[in-house]
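Below you'll find the structure, written out as structure tokens, and then a few comments.
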Amino acid sequence: MRFLVVLLLALLCAAPAAADDVRLQWPLRPPPAVVHRFDAPSPNWNPGHRGVDLAGAAGQPVYAAGNATVVFAGMLAGRPVVSLAHPGGLHTSYEPVRAAVQVGQRVASSTVIGALQPGHPGCGSLACLHWGAMWGPAARADYVDPLGLLASTPIRLKPLS
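Residue numbers (mature numbering (1 follows the signal peptide of the UniProt record, and there is no 0)): -19 to -1, 1 to 142.
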């Protein structure tokens, strides 16, 4: 009985689990114009725009949006891509970017990860960075709007209904 009382008190007094507060930085400097906004498909396998397109200049440095580990740096479907895994399960992707980093490399927020390349399809600018963000592994990822994760974006509480 005493054990159950101690266990109950321990559970009641334990600190609640906290999710990592992921707050990202802009991957281009200065903060760029948004050319094409995030458009989440519903259901997840339907067509949509799983990221944002940011206006830039060819050769412009692209920065890690947060502390991360490089999980991909190379060609994917004919385009140069860099993908980062951040603490807490967030992944970000950057394309078309000529990589300046290697797989397995740890990068700090605002580290140059590559150079923006021209030729992103559907871009209304000379060069656009497609910046994506998703929670979880690629096979069953939940895509999110990376603009909502920016440190400069104020957090607003919304009613559930």
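Note that CB positions come from ideal geometry on N, CA and C, so glycine has one too.
Treat the numbers as computed from the prediction; the structure is a model and nothing was measured.
| Check | Outcome |
| --- | --- |
| Residues in its own chain within less than 7 Å of residue 79 by CB, not counting five upstream and five downstream? | 61, 95, 96, 98 |
| Taking a contact to mean a Cβ-Cβ separation below 8 Å, would you say residue 88 touches residue 51 in this structure? | yes |
| Would you check if the distance between the CB atom of residue 116 and the CB atom of residue 123 is smaller than 8 Å? | yes |
| Is residue 152 helix, strand or coil when you go by DSSP? | Examination of residue 152 is not possible in this model, given that the chain is present from -19 through 142 alone. |
| Exposed or buried, what is residue 8 when buried is set at 16 or more other beta-carbons lying within 10 Å of its beta-carbon? | buried |
| Which residue marks the beginning of the beta strand (DSSP E) containing residue 23, and which one marks its end? | No beta strand (DSSP E) contains residue 23, which DSSP labels as neither H nor E. |
| For residue 48, collect the residues of the same chain with a Cβ closer than 6 Å to its Cβ; drop the 5 residues on either side in sequence, then sort them by chain order. | 89, 90 |
| Smallest Cα separation from residue 40: which of 118, 109, 33? | 109 |
| So, under 8 Å CB-CB, residue 101 and residue 34 are touching, yes? Tell me the CB distance rounded to an integer number of Å. | 7 Å |
| Should residue 114 and residue 71 be called a contact, given that it needs their Cβ atoms to be closer than 8 Å? | yes |
| Per DSSP, residue 97 forms a beta bridge with which residues? | 78 |
| If distances are taken between C-alpha atoms only, which option among 37, 42, 104, 17 comes closest to residue 31? | 17 |
| Sorted by chain position, which residues of the same chain lie with C-beta nearer than 8 Å to residue 127's C-beta, five sequence neighbours on each side aside? | 5, 19, 32, 33, 46, 73, 112, 113, 114 |
| Taking only three categories from DSSP, how would you classify residue 35? | strand |
| With residue 104 as the anchor, note down where its beta strand (DSSP E) starts and where it stops. | Here residue 104 belongs to no beta strand (DSSP E), and DSSP marks it neither H nor E. |
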